[in-house]
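Just remember that the working numbering sits 109 ahead of the position in the sequence shown, which is counted from 1. Ideal Cβ placement from N, Cα and C applies to all residues, glycine included.
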Amino acid sequence: MKKFSSLWMLLVLVASLLLAACGNETEPKKVEKETSKIEEKAEFPVTLTDAVGKEVTLETKPEKIVSLIPSNTEILFALNLDKAVVGVSDFDNYPEAATKKEKIGGMEFNVEKIISLAPDVVFAHASGAHNSEAGLEQIRQAGIPVFVVEDAQSFDTVYNSIETIGKLTDKKAEAEKLVKDMQVKLADIKEKVATVSEQKSVVVEVSPAPEIYTTGKNTFMNEILTSINVKNAAGDQEGWIQLTEEAYIQMNPQVIITTYGNYVENPVNQVLGRKGWDDITAIKDKAVYDVDADRVTRPGPRLIEGVEELASAIYPDVFKK
C-alpha cells in the first residue's frame, strides 16, 4: 500500500511538471502573436511629403484607393492592391481588371464622383497636378488625403515612386521586390547591348507627320536610349523637338521608332511611304518599328518591358541569341 501511494505521488508530480512545461511553451507563442500584431500596426500612421511639397499622413492602411493616372494604377495592381482600387481614370487600359473599375474622368476628373467613392487616399501625379490643383484641394477639403506622385524623369525616380506607393499602402516588401526585379532585368538588357560594337543612330517619333516630335537630351526617353547603347540622332538638342523634313533627312537615322500605333493606323507603312525620304538609311533598310507607347512612356512596372522592346527592335541580332 505504501509502495502504491509513493508511485501515485510520483505520477502526480510528473503530470504537474508536464503541465507546467506545456504552460511555459504556450506563453511565448502568445507573446510572439501579440508582438506581431504590434509590428503590423507600427507602419501606421505614415507621413510622407509628396511631389508638390505637401506633408500627407495616412492614419491607417488604406482599404479604398482612387488613382488619377494609369502609371499609378499599374503600380497599385502590381502590388496586388486590385481589390483596394475603387476608381481609376478614363485612360486606364492595363491590366484588363483596371478597365472594369469605376471611372472618375480624364484630365478633368470628376471631384464629386471621387468624393462619393469615399477613398482613404487619392493618388494624383505631378505631371497634371498644376492643372488640377483646385480639384485636388476640394478633395483634401472633403477630408480625403491626396498624395501627388513624382513625375519620374529617370529610372531611379520610377523606382522611388513604386517604393513610395508601397510605403503608403502597407506593401513595402512587395514594392522593394518589384523594384529589385526591374533593376535585375534592366541590368540584363544592358549587359546584352554592351556587346554591340557600333551604336545605331535612332530617331524616336512621339507624334506622327505632319508635326513630328522627337526626344533630345535631358529627357527620360534619352536616358532610356543611352541605357541601351543607342545614339540618339537628336541628342545634341534640348528637350522635345519638332523636326522639319530637312532636319530629319540631315540626321539620316539608321533606325526609326514610332510610338503612336495605338491611335494611328499602320504607322510603319506611313513612315516608309513618305515622299522624298528614300535616301534616309532607315527607310532604305526598312528599319522602322512601332513600339507600345504605354510600356515605353509610363513610369511604372512595365517600363523595363518597354526598354527591352526598344532594344530588341534596334538590335534584333543581339536579342536572338
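Excluding the 5 residues flanking residue i on each side, which residues of the same chain have their C-beta closer than 8 angstroms to its C-beta?
i: M216; result: G237, N240 and S241
i: V311; result: L334, V339, K340, N341, A342, P362, Q363, V364, I365, I366 and I423
i: Y322; result: E314, V315, S316, W349, I350, Q351 and L352
i: R404; result: R411, L412, E414, G415 and E418
i: V288; result: Y268, I271 and E272
i: L157; result: E164, V165, F256, T273, K276 and L277
i: V155; result: T166, L167, K276 and L277
What does the alpha-carbon distance come out to for the pair residue i and residue j?
i: K326; j: N341; result: 8 angstroms
i: F200; j: N189; result: 20 angstroms
i: V427; j: R249; result: 51 angstroms
i: L177; j: V302; result: 36 angstroms
i: P319; j: K395; result: 20 angstroms
i: G252; j: E300; result: 49 angstroms
i: L226; j: E246; result: 17 angstroms
i: E285; j: G370; result: 33 angstroms
i: A243; j: T278; result: 25 angstroms
i: I392; j: E354; result: 14 angstroms
i: D191; j: R383; result: 44 angstroms
i: K222; j: I213; result: 6 angstroms
i: Q308; j: D229; result: 49 angstroms
i: F218; j: E332; result: 31 angstroms
i: A356; j: P254; result: 48 angstroms
i: K294; j: V377; result: 28 angstroms
i: A402; j: I358; result: 24 angstroms
i: T304; j: I337; result: 11 angstroms
Under three-state DSSP, which class holds residue i?
i: D290; result: helix
i: G344; result: coil
i: T304; result: coil
i: F200; result: coil
i: E136; result: At E136 the pLDDT is 42, less than 50, meaning the model places this residue with poor confidence and gives no usable figure here.
i: V339; result: coil
i: D399; result: strand
i: S241; result: coil
i: L188; result: coil
i: R249; result: helix
i: A356; result: helix
i: E217; result: coil
i: K384; result: coil
i: N181; result: helix
i: A296; result: helix
i: R434; result: This structure does not reach residue 434, given that the chain is present from 110 up to 430, and the question cannot be answered.
i: V427; result: helix
i: E205; result: helix
i: E152; result: coil
i: A284; result: helix
i: N371; result: coil
i: N331; result: helix
If you follow the alpha helix (DSSP H) that residue i is in, where does it begin and where does it stop?
i: A422; result: L412 to I423
i: F264; result: F264 to L277
i: V380; result: P376 to L381
i: I224; result: V220 to S225
i: I392; result: T390 to K393
Taking DSSP's pairing of strands, which residues face residue i in a bridge?
i: I174; result: V194 and V230
i: S316; result: Y322
i: L157; result: V165
i: E211; result: G196
i: S310; result: K340
i: F256; result: F232
i: V364; result: V311
Kindly indicate the opening and closing residues of the beta strand (DSSP E) around residue i.
i: Q351; result: W349 to L352
Quick one: what's got a C-beta closer than 7 angstroms to residue i's C-beta in the same chain, skipping five residues either side?
i: E183; result: Y203, R407, G409, P410 and R411
i: M330; result: V313 and T324
i: T208; result: D201 and N202
i: V431; result: No information on residue 431 is available, as it lies outside the stretch 110 to 430 that the chain covers here.
i: E152; result: D279
What does a CB cutoff of less than 6 angstroms around residue i pick up in its chain, not counting 5 residues either side in sequence?
i: V257; result: D159, A160, V161, A233, A235 and A238
i: Q432; result: Because the chain spans 110 through 430 in this model, residue 432 falls outside it and cannot be assessed.
i: E259; result: A160, A235, T266 and S270
i: S421; result: F428
i: G196; result: V175, E211, I213 and L226
i: S180; result: R407, P408 and G409
i: W386; result: I392
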